[in-house]
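Numbering (the numbering used here), first residue to last: 342 to 421. The C-beta atom is built at its ideal place from N, Cα and C for all residues, glycine as well.
1. Quick check on the DSSP output: the alpha helix (DSSP H) that includes residue 387 runs from which residue to which?
2. Is the separation between the beta-carbon of residue 355 and that of residue 366 shorter than 7 Å?
3. What's the call for residue 378, buried or exposed, on a 16-neighbour Cβ count within 10 Å?
4. Report the option in 370, 350, 385 whose CA atom is closest to the CA atom of residue 410.
5. Among 361, 387, 414, which has the Cα closest to the Cα of residue 375?
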């Protein structure tokens, strides 16, 4: 899966789980502040990411991800 496909899937997950317009999400979007994600929303995002990409993402790794680009990079590296 290439970076563009990963990014598109992550945008869709974030938009659905956090109830935001995909058009407002870019690689530089800060997950917690720009998308105003609360803890329960972030847990749902994490679970959906793990399912969508067949990964096990440790909570500590997810907590270190600040932007959408951080998530894309993490998923890409784990899939390589």
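Looking at the atomic coordinates:
1. 380-394
2. Their beta carbons are under 7 Å apart, which means residue 355 touches residue 366 by this criterion.
3. buried
4. 370
5. Nearest to residue 375 by C-alpha distance, out of 361, 387, 414, is 361.
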